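Just so you know, the protein sequences line up as chains C and Y, in that order. The first sequence lines up with residues 1 to 116 when you count with the numbering used here. The second sequence lines up with residues 1 to 109 when you count with the numbering used here. In this text, a Cβ means the ideal position worked out from N, Cα and C, and glycines have one as well. All of these numbers come straight from a predicted model, not from anything done at the bench. Comments concern the structure below.
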Amino acid sequence: GAVVSQHPSWVICKSGTSVKIECRSLDFQATTMFWYRQFPKQSLMLMATSNEGSKATYEQGVEKDKFLINHASLTLSTLTVTSAHPEDSSFYICSARFGGPNTEAFFGQGTRLTVV
Amino acid sequence: RKEVEQDPGPFNVPEGATVAFNCTYSNSASQSFFWYRQDCRKEPKLLMSVYSSGNEDGRFTAQLNRASQYISLLIRDSKLSDSATYLCVVNGGGNKLVFGAGTILRVKS
Chain C
1 GAVVSQHPSW VICKSGTSVK IECRSLDFQA TTMFWYRQFP KQSLMLMATS
51 NEGSKATYEQ GVEKDKFLIN HASLTLSTLT VTSAHPEDSS FYICSARFGG
101 PNTEAFFGQG TRLTVV
Chain Y
1 RKEVEQDPGP FNVPEGATVA FNCTYSNSAS QSFFWYRQDC RKEPKLLMSV
51 YSSGNEDGRF TAQLNRASQY ISLLIRDSKL SDSATYLCVV NGGGNKLVFG
101 AGTILRVKS
C-alpha cells in the first residue's frame with residue numbers, strides 16, 4: 001500500500017525554539033495532506049489541511065502563525081512549530097490520501113514532540 | 001455535541017470473546033465511514049471501511065445505520081493481538097476525516 005513517511009519520530013527541544021516536521025508521500029503524489037495533533041488519551045484533532053502550491057487551511061482555534069505549514073511539492077509537506085512551549089508537547093501526525101473521500105488515509109509514523 | 005462519539009471503554013474481555021463497539025456521528029451529510037486501529041504510541045491504521053450494506057472481513061464485521069447515524073464494529077473470537085484503541089472515523093466533508101476519541105480494547109488470556 002501507499003506509504004507516508006514522517007520525520008523525525010521524536011524530538012526534544014527547548015522552550016522558545018522552532019521545530020520542523022516533515023511528511024513525505026513515498027510512492028504517490030498527494031495534492032492534499034492533513035496534520036493532526038493528539039494529546040494523551042485523546043482523539044486525533046485535525047489542525048490544518050495542507051494544499052500543494054497554496055496556503056494551508058487551518059481549523060478553528062489553530063494559530064497559523066505558530067504552526068507554519070508549507071506544501072512545496074506533491075510529495076512533501078512540512079509543519080513548523082514556532083517558538084515552542086511546553087503546552088505544545090504532543091504527538092503530531094500527518095496523513096495523505098491516494099484518492100477521494102472514500103479512500104483510505106495513510107498516516108505517517110507520527111512525531112512525539114517534547115518541549116522542555 | 002462531538003461530531004463523532006464513542007464509548008471510551010476500556011473493554012476488558014477474555015480471549016475468544018465477542019465484543020462490539022458503537023459509534024454515533026452528528027453530520028447527516030457524511031458519506032464515508034471507517035474503523036481505524038491505533039496501537040499505543042503508533043499511528044492509526046485502517047481496519048476496515050464501513051459500507052451501507054454492512055461488511056465483514058474475517059473476524060470483523062462493520063455495520064452502518066444511516067437513519068440512526070450509528071456505526072458498529074463486531075469482533076469475534078478475540079485474540080490478544082486485538083488489544084488496541086479502535087477509532088471510529090467519519091468523512092466530515094471536504095475530504096477531512098473526523099476521529100472519535102477511540103474505544104480501548106484489552107483482550108486477556
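Please state the DSSP three-state secondary structure of residue i.
i                 : result
SER30 of chain Y  : coil
LEU80 of chain Y  : helix
GLU43 of chain Y  : coil
PRO101 of chain C : coil
ASP88 of chain C  : helix
PRO14 of chain Y  : strand
THR74 of chain C  : The amino acid at residue 74 of chain C is misidentified as Thr; the sequence shows Leu. Looking at LEU74 of chain C - three-state DSSP - the assignment turns out to be coil, as it is neither helix nor strand.
LEU97 of chain Y  : strand
ALA20 of chain Y  : strand
LYS66 of chain C  : coil
LYS108 of chain Y : strand
LEU113 of chain C : strand
Pull up the distance between the alpha-carbon of residue i and that of residue j, whole angstroms please.
i                 : j                : result
GLY100 of chain C : MET33 of chain C : 12 Å
THR85 of chain Y  : GLY53 of chain C : 35 Å
TYR36 of chain C  : LEU76 of chain C : 16 Å
LEU97 of chain Y  : VAL90 of chain Y : 6 Å
ASN27 of chain Y  : ILE71 of chain Y : 13 Å
GLY102 of chain Y : SER90 of chain C : 17 Å
HIS6 of chain C   : ILE69 of chain C : It should be pointed out that residue 6 of chain C corresponds to Gln in this sequence rather than to His. Computed Cα separation, rounded: 14 Å.
SER49 of chain Y  : GLN42 of chain C : 22 Å
PHE107 of chain C : ALA67 of chain Y : 31 Å
LEU64 of chain Y  : THR17 of chain C : 46 Å
ILE93 of chain C  : GLN69 of chain Y : 28 Å
SER39 of chain C  : ASP57 of chain Y : Residue identity check: residue 39 of chain C is Phe in the sequence provided, not Ser. Their Cα atoms are separated by approximately 31 Å.
ARG41 of chain Y  : SER83 of chain Y : 13 Å
SER32 of chain Y  : TYR51 of chain Y : 8 Å
GLY54 of chain Y  : ALA62 of chain Y : 6 Å
Under a CB-based cut-off of 8 Å, is residue i close to chain Y?
i                 : result
GLY53 of chain C  : no
ALA105 of chain C : yes
SER43 of chain C  : yes
GLY61 of chain C  : no
THR49 of chain C  : yes
ILE76 of chain C  : Looking at the sequence provided, one finds Leu at residue 76 of chain C rather than Ile. No, because no Cβ of chain Y sits closer than 8 Å to the Cβ of LEU76 of chain C.
LEU113 of chain C : no
LEU124 of chain C : Here chain C covers residues 1 to 116 and nothing more, so residue 124 of chain C does not appear.
GLY108 of chain C : yes
Considering only residues of the same chain and omitting the five flanking positions on each side of residue i, which have a CB-CB separation below 8 Å?
i                : result
VAL13 of chain Y : VAL19, SER78, LEU105, ARG106, VAL107, LYS108
LYS64 of chain C : ALA48, ALA56, TYR58
GLY92 of chain Y : GLU3, ASN27, SER30, VAL98
For residue i, which residues in the same chain have their Cβ closer than 7 Å to its Cβ, ignoring the five residues on either side in sequence?
i                : result
CYS13 of chain C : VAL19, ALA84, VAL115
GLY9 of chain Y  : THR103, ILE104, LEU105
Go through its chain and collect everything with a Cβ distance to residue i's Cβ below 6 Å, but skip five positions before and after it.
i                 : result
SER117 of chain C : An answer regarding residue 117 of chain C cannot be provided, because it is not within the stretch 1 to 116 covered by chain C.
THR139 of chain C : Summary: the structure shown does not reach residue 139 of chain C, with chain C confined to residues 1 through 116, and so no result is reported for it.
GLU5 of chain Y   : THR24
Indicate whether at least one CB of chain C lies closer than 8 Å to the CB of residue i.
i                 : result
ALA62 of chain Y  : no
PHE99 of chain Y  : yes
GLY54 of chain Y  : no
GLY102 of chain Y : yes
Next item on the list: Note down, in chain order, all residues in the stretch 28-45 of chain Y with a beta-carbon under 9 Å from any beta-carbon belonging to chain C.
Entry: Taking 9 Å as the Cβ-Cβ cut-off against chain C, the residues of the stretch 28-45 of chain Y that qualify are GLN31, SER32, PHE34, TYR36, GLN38, ARG41, LYS42, GLU43, PRO44, LYS45.
Notebook entry, point to check: Listed in chain order, which residues of the stretch 79-97 of chain Y have Cβ atoms closer than 7 Å to some Cβ of chain C?
Noted result: Cβ contacts with chain C come from ASN91, ASN95, LYS96, LEU97.
Next item on the list: Name, going along the chain, the residues of the stretch 87-103 of chain C whose beta-carbon falls closer than 8 Å to a beta-carbon of chain Y.
Entry: Within the stretch 87-103 of chain C, the residues whose Cβ lies closer than 8 Å to some Cβ of chain Y are PHE91, ILE93, SER95, ARG97, GLY100, PRO101, ASN102, listed in chain order.
Notebook entry, point to check: Of the residues that make up the stretch 4-15 of chain Y, which ones have a beta carbon closer than 7 Å to any beta carbon in chain C?
Noted result: Here the close residues number zero.
Check: Taking any Cβ of chain Y, which residues in the stretch 21-33 of chain C have a Cβ under 8 Å from it, in chain order?
Finding: Of all residues in the stretch 21-33 of chain C, only THR32 place a beta-carbon less than 8 Å from a beta-carbon of chain Y.
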